[in-house]
Amino acid sequence: MVLAPENWPFSLEFLPQPAYMVGGAVRDAILGRTREYLDLDFVIPSKAVKVARAIAHHYKAGFVLLDAKRQIARVVFPHATADFAQQEGDSLEIDLHRRDFTVNAIAYNPHTQEIIDPLQGYADLQQGILRMVSPANLEDDPLRLMRGYRQAAQLGFTIEPATQAAIRSLASHISKVAAERVRVEIGYLLSNSQGTPWITSAWEDGLLAPFFKNATRENLLKLAAVDTAAALLTQTWQQLGAQLQKYVRDSIKTTWLAIAKLACLVNPDPELAEIELQKLTYSRAEIRGVTTALKLLPQFQVVDMSLREQYFLFHDADIVFPATAVLAVALNNLVEAMSSDKPLHTAVDITEETKARICQVLAPLINRYLNPDDLVAHPTPLVNGKELIIALDIPASPIIGQLLREVGVAQAEGKISTATEAIAFARQLLDG
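Okay, structure coming up:
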């Protein structure tokens, strides 16, 4: 249990008396939620940075001064992060009264094993309720407005009505928050199906408008449709489902499922979507994922695609294929469902028309994509550009790239299978 100091990455003797563990670590310990990576927060009445520096020095851990004025520092261990903050106000109770939600305003004294809970956060934990400490605290850091929805999704809690009303009334303040801070909260809500109803609530309560200016109720319906489509495709192709949960890059903690959902919130025109995402400070890899999916969507609707067309589709889609496939199923299904007489809230149910389209159009493409030996989806080049330049005695130019693509198509179609045949084929194209 995280409240037990023997599970911490440093010894309790380094903490002065009194010292308190606060925030999410205490909350999660009470709920019995465990994490492989520990994220610990401590409040210390004085000299918090000095304590953090001493711990970092002793354990040869990373040290980051987060806020010199407010005396907040971070110590980074291989499997844990510990933040040390100077107590705000003259007492721990004053400090706890400055926090966002009651469930995060519970403190634990590791020296005495005492739980300090002046705001009855424990009772709210038992009831699964997220309740604000005060509207003023939410206004002090407007990111807390969005964080409420993220934490409700994360914990499986409901937001207490007066708290949600306060968030709604303060929604315009979210525009004061740096886009990248909001993006982190949105990223969590997009990464799994539990977040979908909460990002919908955030939109209804006015928190998304400054960031996704073109989003409508139909855009939010698309998010639920993507969840349904992902679940359906994962049932048949578990490997595809696993790829949807992978990160775009190790350094970018955005899943391909989240990329598919992000494509639902932005302008469907890839160029306009790119501008939107740049303003939100998304990375080049994330922007490329979204814009590629939007560009290729029409091709995922084509029936009886030739091998040549498939070859170029896989070439253009590359690692964005899983996100584009799930997006294609979701949007097609939404169109089919909305054209029926069913009310909109059931529009994400998979229709028979969509199931038929998956079998006819997408199943062959997905099977190719998941087969690493498939030469259409995953071509193994018979020759490279340098070899063509030497064999054909021609200078480096864009023509080389064109020849390599045609050689790849011919190989996929079974017309050639060796390097010698590839060079002869390229020469024939050049002469022709």
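Be aware that the sequence shown starts at 1, since it is given in full-length UniProt numbering, and climbs by one per residue. All C-beta atoms in this analysis are idealised placements derived from N, C-alpha and C, irrespective of residue type, glycine included.
Query raised in the report: Beta-carbon separation of F101 and Y59 under 9 Å?
Result: Taking C-beta atoms as the reference points, F101 and Y59 fail to come closer than 9 Å.
Query raised in the report: Cβ atoms of D41 and A25: under 9 Å apart, would you say?
Result: D41 is positioned such that its CB atom lies closer than 9 Å to that of A25.
Query - Every unbroken alpha helix (DSSP H) within the segment 292 to 325, with a cutoff of 4 residues, ordered by chain - result: Correct list: 307 to 317.
Requested in this report: State the start and end residues of the unbroken alpha helix (DSSP H) segment that holds L220.
Outcome: Its alpha helix (DSSP H) spans residues 217 to 236.
Query raised in the report: What are the boundary residues of the alpha helix (DSSP H) that includes F77?
Result: Careful: F77 lies outside any alpha helix (DSSP H), inside the beta strand (DSSP E) at 72 to 77.
Query raised in the report: Quick check: the segment 241 to 257 against the segment 219 to 233, are there 3 or more CB pairs under 8 Å?
Result: Short answer: they touch.
Query - L382 versus Q278: straight-line alpha-carbon distance, rounded - result: If I take the Cα positions, the gap works out to 39 Å.
**Report entry** Same chain, Cβ closer than 6 Å to G89, five either side skipped, listed in chain order
**Finding:** These residues qualify, in order along the chain: D95.
Requested in this report: Pull up the CB-CB distance for I159 and L138, whole angstroms please, since I reckon it's below 8 Å.
Outcome: Rounded to whole angstroms, the Cβ separation of I159 and L138 is 12 Å, and the two are not in contact under 8 Å.
Query raised in the report: When every heavy atom of the ligand ATP is checked, does at least one fall within less than 8 Å of the C-beta of D373?
Result: The ligand ATP is not part of this structure, which contains no ligands at all.
Query raised in the report: From this set, I252, Q402, L313, S283, which residue's C-alpha is nearest I366's C-alpha?
Result: For I366, the nearest C-alpha among the options comes from L313.
Query raised in the report: Helix, strand or coil: how does DSSP classify L280 here?
Result: DSSP places L280 in coil when its eight states are reduced to three.
Requested in this report: Give the DSSP-derived three-state secondary structure of K60 in the structure shown.
Outcome: In this structure, K60 counts as coil in the three-state DSSP scheme.
Query raised in the report: Is it the case that the Cβ atoms of V320 and L296 are separated by a distance below 9 Å?
Result: The criterion of a C-beta distance shorter than 9 Å is satisfied by V320 and L296.
Query raised in the report: Once you ignore the five residues that flank residue 502 on each side, which residues in its own chain have a CB closer than 6 Å to its CB?
Result: The question about residue 502 has no answer here: the residues shown for the chain are numbered 1 through 432.
**Report entry** Strand pairing of Q239, partner residues [DSSP]
**Finding:** For Q239, no pairing in a beta bridge is given by DSSP.
Query raised in the report: Is the segment 378 to 393 touching the segment 287 to 295 in the sense that three or more CB pairs, one from each, lie closer than 8 Å?
Result: Here the segment 287 to 295 makes no contact with the segment 378 to 393; the two share fewer than three CB pairs at distances below 8 Å.
Query raised in the report: Alpha carbon to alpha carbon, what distance is there between Q151 and T196?
Result: Each residue's Cα considered, the two are about 13 Å apart.
Query raised in the report: Taking all protein chains shown into account, do 16 or more other C-beta atoms lie within 10 angstroms of the C-beta of I390, making it buried, or fewer, making it exposed?
Result: With fewer than 16 other Cβ atoms inside 10 Å of its own Cβ, I390 counts as exposed.
Query raised in the report: Buried or exposed: C264, going by 16 or more other Cβ atoms within 10 Å of its Cβ?
Result: Its Cβ being crowded by 16 or more others within 10 Å, C264 is buried.
Query raised in the report: Among residues of its own chain, excluding the 5 on either side of G408, which ones have a beta-carbon nearer than 6 Å to its beta-carbon?
Result: Residues P379 of the same chain have their beta carbon placed closer than 6 Å to that of G408, with the five preceding and five following residues left out of the count.
Query raised in the report: If we ignore side chains and look at the alpha-carbon of each, how far apart do K222 and F77 end up?
Result: Rounded to whole angstroms, K222 to F77 spans 40 Å at the Cα level.
Query - Distance, V22 Cα to Q87 Cα - result: A straight-line Cα-Cα distance of about 11 Å links Q87 and V22.
Requested in this report: Pick helix, strand or coil for V266, following the three-state DSSP scheme.
Outcome: Correct three-state label for V266: coil.
Query - Whole-angstrom distance between V303 and G414, CA atom to CA atom - result: CA-CA distance, G414 to V303, rounds to 22 Å.
Requested in this report: Would you grab the beta carbon distance between N332 and Q299 for me? Rounded to a whole angstrom, and I think it's under 8 Å.
Outcome: That belief does not hold up - the Cβ atoms of N332 and Q299 are roughly 13 Å apart, past 8 Å.
Query raised in the report: In its own chain, which residues sit with a C-beta less than 8 Å from the C-beta of A323, not counting the 5 before and 5 after it?
Result: So the qualifying residues of the chain are L244, W256, L257, I259, A260, A263, G289, A293.
Report task. Would you list the residues sitting across from T34 in a DSSP beta bridge? Result -> T34 is not bridged to any residue.
Query raised in the report: Would you report the Cα separation of V326 and A225, rounded to the nearest angstrom?
Result: Roughly 9 Å between the two C-alpha positions.
Query raised in the report: Quick one: what does DSSP say D83 is sitting in, helix, strand or coil?
Result: D83: strand per DSSP, three-state reduction.
Query - Residue range of the beta strand (DSSP E) that includes N109 - result: N109 -> beta strand (DSSP E) spans 107 to 109.
Requested in this report: Compute the beta-carbon to beta-carbon distance between A412 and L307, rounded to the nearest angstrom, for a pair I have assumed lies under 8 Å.
Outcome: Right, their Cβ atoms sit about 6 Å apart.
Query raised in the report: Within 10 angstroms of its Cβ, does V49 collect 16 or more other Cβ (buried), or is it exposed?
Result: Buried, because 16 or more other Cβ atoms sit within 10 Å of the Cβ of V49.
Query raised in the report: Which term fits Y369, buried or exposed, when burial requires 16 or more other beta carbons within 10 angstroms of its beta carbon?
Result: Looking at its Cβ environment, which holds 16 or more other Cβ atoms inside 10 Å, Y369 is buried.
Requested in this report: Ignore the nearest five residues each way along the sequence and tell me which others in H345's own chain have a CB closer than 8 Å to its CB.
Outcome: For H345, the predicted model reports a pLDDT of 44, less than 50, meaning its position is unreliable and no value from the coordinates is stated.
Query raised in the report: Between F212 and E406, what straight-line distance do the alpha-carbon atoms span, to the nearest angstrom?
Result: Between F212 and E406, the C-alpha separation is close to 41 Å.
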